[in-house]
Amino acid sequence: MVEDALKLRTELPRPDVTAEEARALLSDHYGLSGTIMELGSQQDRNYRLDTGDGRYVLKICRAEYEPLELEAQNAALLHLGERMPRARVAEVVPSLKGEAIESVTVRGADYRIRLLTYLDGEPLTRRKHLSRETVAALGGLAGMLAAALQDFEHPGLERELQWDLRRAGPVVLHLLADMPDQQRRKRIAEIMVGAMRRLQPLTADLRTQAIHHDVTDDNVVSQPDASGRPIPDGVIDFGDILNGWLVAELAVTCASLLHHADGDPWFILPAVKAFHAECPLTETELKALWPLIVARAAVLVASSEHQLSREPDNAYVEGNAAHEREIFEVASSVPTALMEHAILAAAGLAPVSAPVGGDSLIQGLGPTDVRQIDLSIMSPLLPEERWQHQGLPISLLQHAAHAIGVATTRYGEYRMTETQLRSPKPDATLALHVDICLAAGREITAPFSARVVRQDGLLVLEGAEASLFLEGVEAHAELSETVVTGAALGIVSGEQQSYGLIRVQLCREHGLVPPLFAMPHQAEAWKHLCPSPAGVLGFECDGPEPHSETLLARRQQHFARPQKNYYLKPPQIERGWKDHLFDIEGRSYLDMVNNVTILGHGHPRLAAAVGRQWSLLNTNSRFHYASVAEFSTRLAALAPDGLDTVFLVNSGSEANDLALRLAWAYSGARNVVSLLEAYHGWTVASDAVSTSIADNPQALDTRPAWVHAVTAPNTYRGEFRGADTTDSYVRSVVKKLTELDAADEKLAGFICEPVYGNAGGIPLPKGYLDAVYAMVRARGGVCIADEVQVGYGRLGDYFWGFEEQGVVPDIITVAKGMGNGHPLGAVITRREIADALEKEGYFFSSSGGSPVSSVVGQVVLDILTEERLPENARVVGSYLKARLEALGQRFPLIGAVHGMGLYLGVEFVRDRETLSPATEETAAICDRLLDLGVIMQPTGDHLNVLKIKPPLCLSRESADFFADMLGRVLEEGW
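Have a look at this one:
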């Protein structure tokens, strides 16, 4: 039974003290006045006072609470204030009489009051999403507090409290006694009993000390880090402090995190790791952690139901009730044994998983008699989108079995056949079982001694080490309830002379029916619980394990450091299809950044054409072959009249470098005018005209003397803002050209993107290029349009970016999308400009314009036309832009949505007036989008713009998914 005093406390209503009465108490006992506001509480009554000079919390509790308990809270605050320099706690404010605690009477009821300083900061409870950094910081704060309280002692800590997890069992049973929903009451009780059974053998070895016992998302305050993520650094509400189990401190913290977990219990692990780093726990304590979390969840949900039955108007309890129900559902959603392994692993104490062995389940079957089928991301059996076909694994098994006799899937394999597109959560792709296709009627024998259980069509053998689950086995009629090793169990189901299918799975936890698949981040714990059945099959059935971290380390060791990779912890991307990418664990990502693959990934027609041409010929362009002539002709036909001569190279950098050489050769001059904030490539010449400090922080200080950068015509955040800024930006070019004229310097040319791609697709002010081109040509220079990023149909309404400005350049450079990932670039110009290069000798690129490259270029153009991808860019791009603009109406962080077609930019600012760039927030948003299944990266000089440039096959469904996920991030946080 619950002790009488404890039972009494669970029945106590909150103090009945109004705001006006609280105001009088503050004036009479503390001489303070100001603005007063009630704060939430379950059993106390709290008011915040703002005097203008300071902020305070008046805490009111019932007189049934002993003064000794309140004195313990005050003493703990003083103790921690001296021991925790990295964290904040409140200070006790004495009354006018110098007392830390005052006894008062309000309308005949006796109460005790205290005044504390108020800790400014944001609580975490109302944030739906908490980042890993926030979760770890909360766990670290709880660990820091626990470590600081290890030597704190006070007689007021020996108290009876319903939240004490040492009493959780009887407390829950008492609170459930009058719950009207019988089914719900039974479920909570059963789960609580299961947790207590798991906990009971461990309790003797659990350490006790002073613990806060309520370091939750609601009882900490946080400050934003540079990216805007809340980092908890202050602890409030010491009302539950007592002598209790040390590990209970962490259990309470972790339980509070579960309503932020989006259903995933693994969400707590950064907090476990951080707590353990600050306050190391024993292995026994770590094993007790998950049962205590379940117990805390049961106490919370039972207590809120109980309190609401007595105080239905308690808004604080009602507001938390939904969170507490969610906490309970997540806590009860997974086996304790699974979370025990995950928690131990997070603390660096994961047990070694021993294999489960036995005799062969299928007698007479050797390793060479079985064919494994590959269902992984890399499988040659899953071309194009075949992996999405229902029933494919079974049909592949049957086909393989007909060829060799026995075929099996692989255990521990991340299967692409389980991957779903446009999913905000990772799919359960890791196979915890194997399917075996073999002759029907074949004998199946027990690999170990076991108790036999028939369960929902399964034959389950409960052995000493593990349970063996068998499906597709027709059990013998005389099969007994216990079997010994080698005993006949039954035969493979199916008609004679046909093939049957059996499913085999092991599980170390008796009574648990495990899932067939696990999510990748839960894989290690599930593989421990459900080990490979190879030891009972007599042949190898395990799939290869990915080694992404090892590969990344090798990349960083041997791949030159300036060649960066996306993300701090990048997924290992090994496959693509249309507008989707797939990592080695079967996670799908919507690709919103890949302007290189303009058609989309894995286009079968392009792959077939490349393969065929490779099988015929690939050499350099000095040989005479059809494809280079045909491709050059088609490129020239895409350009305006007069631009009829083509150079073929391998990249945009080479194309821009060659364009600059052509300008020098044709004009006889060296000086080139370029724009600030621009990027044109990595070669010596193309890098020289690149002034983006995001790509090169020293760009503005290291340009050679022949480069003359002018103000970027950024109509959103540039020196002049708005649509009517053409004249102002043109004047900056006039000024630079006048300086060159005065120095008697000749001009070779002018280079810029006709749509400001590096800033997120901002159109240049109307008429800008017309005016600038005229001035450049008047001085003998040539005009270069860098279409590498923005051209080739991406803008939707325009095939070339310069068409939007109504001008014709002298030289067009293009690359990236024209090869759909194959290294291919081009320079298109007039014959006389091209011929000028012969003064310096001939031009040659070994693989530029090779047979394979020329075929690639032609097939890309064919597909662009036949699949109407520029039109798709226009339609889907306009739809997506409208959705993003709608988000801008809801979220002030979005300063503007730039661009057109499928070259868009979302610019994040901290203030729409000052346009202060939200650089750190943008990086964090990209990381959060990755978690939700979207590949996105920042751009711009301030790296505060989402550069949206997906494959042109982007579907409306994918556009919706991206907009939905971005909206979710902005709504929930990052």
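Taken in order, the sequence shown gives residues 517 to 1490; the numbers are from this note's numbering. Where a beta carbon is used, it is the ideal one built from N, C-alpha and C, also for glycine.
| query | If we ignore side chains and look at the alpha-carbon of each, how far apart do MET517 and ARG812 end up? | reply | For the purposes of this step, residue 517 is taken as residue 1 along the sequence shown, with counting starting at 1. For the purposes of this step, residue 812 is taken as residue 296 along the sequence shown, with counting starting at 1. With a pLDDT of 41 at MET517, under the threshold of 50, the modelled position of that residue is not reliable, and the figure given next carries that caveat. When rounded, the distance between both Cα atoms is 19 Å.
| task | Please name the residue or residues paired with MET1416 in a DSSP beta bridge. | result | Residue numbering aside, residue 1416 sits at position 900 when the sequence shown is read from its first letter. Note: MET1416 sits in a beta bridge opposite TYR1419.
| request: Return the bridge partner residues of THR621 from the DSSP annotation. | output: Here residue 621 is taken as the residue at index 105 of the sequence shown, counted from 1. For THR621, which the question treats as bridged, DSSP gives the partners ASP626.
| request: Take ALA1171 and list the residues in its own chain whose beta-carbon comes closer than 7 Å to its own, dropping the five residues that flank it on each side. | output: Against the sequence shown, residue 1171 aligns to sequence position 655. So the qualifying residues of the chain are VAL1165, VAL1304, THR1329, VAL1330, ALA1331, GLY1341, ALA1342 and VAL1343.
| query | Expressed to the nearest angstrom, what Euclidean distance is found between the alpha-carbon atoms of GLY1489 and GLU821? | reply | As a working note, residue 1489 is residue 973 in the sequence shown. As a working note, residue 821 is residue 305 in the sequence shown. Whole-angstrom Cα-Cα distance: 30 Å.
| task | With ARG1138 as the anchor, note down where its beta strand (DSSP E) starts and where it stops. | result | Here residue 1138 refers to the residue found at position 622 of the sequence shown. ARG1138 -> no beta strand (DSSP E), and no H or E assigned at all.
| I think LEU1022 touches CYS1046, with their Cβ atoms under 8 Å apart; what is that distance to the nearest whole Å? | As a working note, residue 1022 is residue 506 in the sequence shown. As a working note, residue 1046 is residue 530 in the sequence shown. LEU1022 to CYS1046, Cβ: 6 Å. Contact.
| query | ALA726 to LEU673, Cα distance in whole Å? | reply | If you number the sequence shown from 1, residue 726 lands on position 210. If you number the sequence shown from 1, residue 673 lands on position 157. Each residue's Cα considered, the two are about 7 Å apart.
| query | Expressed to the nearest angstrom, what Euclidean distance is found between the alpha-carbon atoms of VAL1456 and HIS1119? | reply | Translated into positions along the sequence shown, residue 1456 becomes position 940. Translated into positions along the sequence shown, residue 1119 becomes position 603. First, the amino acid is wrong: residue 1456 is Gly here, not Val. Spanning the two alpha carbons is a distance of roughly 31 Å.
| query | What are the complete beta strand (DSSP E) segments, minimum 3 residues, inside the region 1163-1248? | reply | 1187-1191 and 1223-1226
| Which whole-angstrom value is the C-beta distance of PRO1229 and TYR1284, which I expect to be below 8 Å? | If you number the sequence shown from 1, residue 1229 lands on position 713. If you number the sequence shown from 1, residue 1284 lands on position 768. Yes, they are in contact, since the Cβ atoms of PRO1229 and TYR1284 sit about 6 Å apart, within 8 Å.
| query | Does the Cβ of VAL688 have 16 or more other Cβ atoms within 10 Å, making it buried, or fewer, making it exposed? | reply | Residue numbering aside, residue 688 sits at position 172 when the sequence shown is read from its first letter. It is buried - the Cβ of VAL688 has at least 16 other Cβ atoms within 10 Å.
| message | Could you compute how far the alpha carbon of ALA982 sits from the alpha carbon of ILE1089? | response | As a first step, residue 982 must be located in the sequence shown, where it is residue number 466. As a first step, residue 1089 must be located in the sequence shown, where it is residue number 573. Each residue's Cα considered, the two are about 36 Å apart.
| request: Tell me whether HIS792 is buried or exposed, calling it buried when 16 or more other Cβ atoms sit within 10 Å of its Cβ. | output: Taking the sequence shown and counting its residues from 1, the one referred to as residue 792 is at position 276. Buried, since its Cβ has 16 or more Cβ neighbours within 10 Å.
| message | I'd like to confirm the pairing. Which residues does DSSP put opposite THR724 in its beta bridges? | response | Position 208 of the sequence shown, counted from the start, is the residue given in the question as residue 724. Partner(s): TRP761.
| So, are the CB atoms of THR852 and ILE747 less than 8 Å apart? | On the sequence shown, residue 852 is found 336 positions in, with the first residue counted as 1. On the sequence shown, residue 747 is found 231 positions in, with the first residue counted as 1. No, the pair does not count as a contact, with Cβ atoms beyond the cut-off.
| By how many angstroms is the C-alpha of PRO1367 removed from the C-alpha of GLY1333? | Counting from one through the sequence shown, the residue named residue 1333 turns up at place 817. Counting from one through the sequence shown, the residue named residue 1367 turns up at place 851. Each residue's alpha carbon lies about 18 Å from the other.
| Buried versus exposed call for ASP951 [16 or more other C-beta atoms within 10 Å across all chains shown] | Locating residue 951 in the sequence shown gives position 435, where the first residue counts as 1. Per the 10 Å Cβ criterion, buried.
| task | Kindly indicate which three-state DSSP category MET517 falls into: helix, strand or coil? | result | Against the sequence shown, residue 517 aligns to sequence position 1. Since pLDDT at MET517 reaches only 41, below the 50 mark, its modelled position is unreliable, and the value read off the structure follows with that caveat. MET517 falls in the coil class under three-state DSSP.
| C-alpha distance - PRO529 paired with GLU598, whole-angstrom precision | As a position in the sequence shown, residue 529 is number 13, starting the count at 1. As a position in the sequence shown, residue 598 is number 82, starting the count at 1. Going from the Cα of PRO529 to the Cα of GLU598 covers about 35 Å.
| query | So, helix, strand or coil for ASN562, using DSSP? | reply | Position 46 of the sequence shown, counting from 1, holds the residue named residue 562. ASN562 falls in the strand class under three-state DSSP.
| Check whether PRO1467 and ASN1460 have beta carbons under 8 Å apart | Indexing the sequence shown from 1 puts residue 1467 at position 951. Indexing the sequence shown from 1 puts residue 1460 at position 944. Contact flag unset, no.
| Run of the alpha helix (DSSP H) containing GLY1484, from where it starts to where it stops | Locating residue 1484 in the sequence shown gives position 968, counting from the first residue. The residue you asked about is not Gly; residue 1484 is Arg in the sequence shown. Residues 1472-1488.
| request: Mind reading off the beta-carbon distance from LEU1115 to ILE1379? Whole number of angstroms is fine, and I expect it under 8 Å. | output: Residue numbering aside, residue 1115 sits at position 599 when the sequence shown is read from its first letter. Residue numbering aside, residue 1379 sits at position 863 when the sequence shown is read from its first letter. The pair is a contact, with the Cβ atoms about 5 Å apart (cut-off 8 Å).
| query | Considering TYR832, what are the terminal residues of the alpha helix (DSSP H) in which it resides? | reply | On the sequence shown, residue 832 is found 316 positions in, with the first residue counted as 1. Residues 831-847.
| field | Distance between VAL850 and GLY779 (C-alpha atoms, nearest Å) | value | Numbered from 1 along the sequence shown, position 263 holds the residue referred to as residue 779. Numbered from 1 along the sequence shown, position 334 holds the residue referred to as residue 850. Their Cα atoms are separated by approximately 10 Å.
| Endpoints, the alpha helix (DSSP H) within which GLY655 is located | Sequence index remark: in the sequence shown, residue 655 carries index 139 (1-based). 648-664 is the extent of the alpha helix (DSSP H) around GLY655.
| Own chain residues within Cβ distance below 6 Å of LEU555, not counting five before or after | Here the question's residue 555 lines up with position 39 in the sequence shown. ASN562 and ARG564, listed in sequence order.
| Should the region 1377-1394 be regarded as contacting the region 1468-1485, the criterion being three or more beta carbon pairs within less than 8 Å? | yes
| message | According to DSSP, simplified to helix, strand and coil, what is MET695? | response | For the purposes of this step, residue 695 is identified with residue 179 of the sequence shown, where counting begins at 1. MET695 falls in the coil class under three-state DSSP.
| said: Assuming HIS1096 is part of the alpha helix (DSSP H), what are its boundary residues? | reply: In the sequence shown, residue 1096 corresponds to position 580, counting from 1. That residue, HIS1096, is in no alpha helix (DSSP H); its beta strand (DSSP E) goes 1096-1099.
| said: Contact defined as beta carbons within less than 8 Å: I believe PRO871 pairs with LEU860. What is the distance between those atoms, to the nearest angstrom? | reply: Residue mapping note: residue 871 aligns to position 355 of the sequence shown, counting from 1. Residue mapping note: residue 860 aligns to position 344 of the sequence shown, counting from 1. At roughly 19 Å, the Cβ-Cβ gap does not stay under 8 Å, so PRO871 and LEU860 are not in contact.
| request: Output the boundary residues of the beta strand (DSSP E) element that contains GLU987. | output: As a position in the sequence shown, residue 987 is number 471, starting the count at 1. Looking at the DSSP string, the run of the beta strand (DSSP E) that includes GLU987 is 983-987.
| Any idea if ASP721 is buried or exposed, counting beta-carbon neighbours within 10 angstroms, 16 or more meaning buried? | Taking the first residue of the sequence shown as position 1, residue 721 is located at position 205. Label assigned to ASP721: exposed.
| request: Quickly, what does DSSP pair PRO942 with across the bridge? List them, please. | output: In the sequence shown, the residue the question calls residue 942 occupies position 426. None; PRO942 has no bridge partner.
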